[in-house]
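Asker: One gets our numbering by counting positions in the sequence shown from 1 and adding 351 to each.
Backbone N, C-alpha and C fix where the C-beta goes; we use that ideal spot for every residue, glycine too.
Small disclaimer: the values here were computed from a predicted structure and weren't measured.
The structure that follows is given in the form of structure tokens.
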Amino acid sequence: AEAERDADRKIQVMQTQLEEMQVAHNRSVVVATETAAELGGFRQDVEMQVAAHQHEVRSLRSQLTKEEAARRAAEDKLKAMEQTAAVRESRQRENAEEAEMARQKMTVLERE
Numbered sequence: 352a353e354a355e356r357d358a359d360r361k362i363q364v365m366q367t368q369l370e371e372m373q374v375a376h377n378r379s380v381v382v383a384t385e386t387a388a389e390l391g392g393f394r395q396d397v398e399m400q401v402a403a404h405q406h407e408v409r410s411l412r413s414q415l416t417k418e419e420a421a422r423r424a425a426e427d428k429l430k431a432m433e434q435t436a437a438v439r440e441s442r443q444r445e446n447a448e449e450a451e452m453a454r455q456k457m458t459v460l461e462r463e
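And the structure:
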């Protein structure tokens, strides 16, 4: 009878230990599930941030491309204006030279 009671006590101790292990396991599963959910949410947040940054980079690249095109157009316009100014200056010099030559001829003709 003593051996039976001893065996029953051991069985009860083992059952209690098993129940405690099951409770601990269930807590671990809950913690793991919550952690996985948090990580999933974190991952989603990171993916959204990455997508937003990628959109911002594309937008900035597009803006930069437009600004570079505008700068090139302004440089081309400036070159054209400089060329026009150079042609005008050249014509003015030629006209001034022709006028001077005409004055000199008039002076020579007046002397004669």
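1) Rounded to a whole number of angstroms, what is the C-alpha to C-alpha distance between Leu415 and Leu429?
2) So, helix, strand or coil for Ala352, using DSSP?
3) Excluding the 5 residues flanking Glu398 on each side, which residues of the same chain have their C-beta closer than 6 Å to its C-beta?
4) Please report the distance separating the alpha-carbon of Ala352 from that of Glu370.
Answerer: According to the structure shown:
1) 21 Å
2) coil
3) none
4) 27 Å
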